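Here's the structure, in structure tokens; my notes come after.
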Amino acid sequence: MGDCGPCLGSREILHLRIATGTWSGFDLAADDPQTKLFVTMLAGVREFQRDMISENTKEGVAAEAAGRTLGRPPRSTGTRRPTSSTRTGRRDGQSRSR
757 MGDCGPCLGS
767 REILHLRIAT
777 GTWSGFDLAA
787 DDPQTKLFVT
797 MLAGVREFQR
807 DMISENTKEG
817 VAAEAAGRTL
827 GRPPRSTGTR
837 RPTSSTRTGR
847 RDGQSRSR
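Per my numbering, the very first residue in the sequence shown carries number 757; after that it's consecutive.
Have a look at this one:
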């Protein structure tokens, strides 16, 4: 599943072209060495991302099974963030002048 070799052989039927940005107009279906390098690097980055997502998911499942809480800590209810004077005024029933 991790092998991206078969993906590179099917580029000819896709006719993909980058539309915007620095690589604008770059044809991903071309058969020159630069294109092969670029597509191979993209496939490597894609495989790396997939592996990282899988690893993070496994760590999350293991942590949940161990009873640990993951993610952002809950917002404390005892403290309030400072508000701007406009919000404070509106909360106290003052209207804004135009």
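Glycine included, every Cβ here is placed at the ideal spot set by N, Cα and C.
Only a predicted model underlies this, so the values are computations on that prediction, with no experimental measurement involved.
Which partner residues does residue i have in the DSSP bridge list?
i	result
residue 773	783
Does the distance from the CB of residue i to the CB of residue j come in under 9 Å?
i	j	result
residue 801	residue 784	no
Mind checking residue i: buried by the 16 CB within 10 Å criterion, or exposed?
i	result
residue 824	exposed
residue 781	exposed
residue 822	exposed
residue 772	exposed
Does the beta carbon of residue i fall short of 8 Å from some heavy atom of the ligand MG?
i	result
residue 790	Absent from the structure shown: the ligand MG. Ligands present: none.
Residue ranges of each beta strand (DSSP E) within the region 804-840, 3 or longer: none
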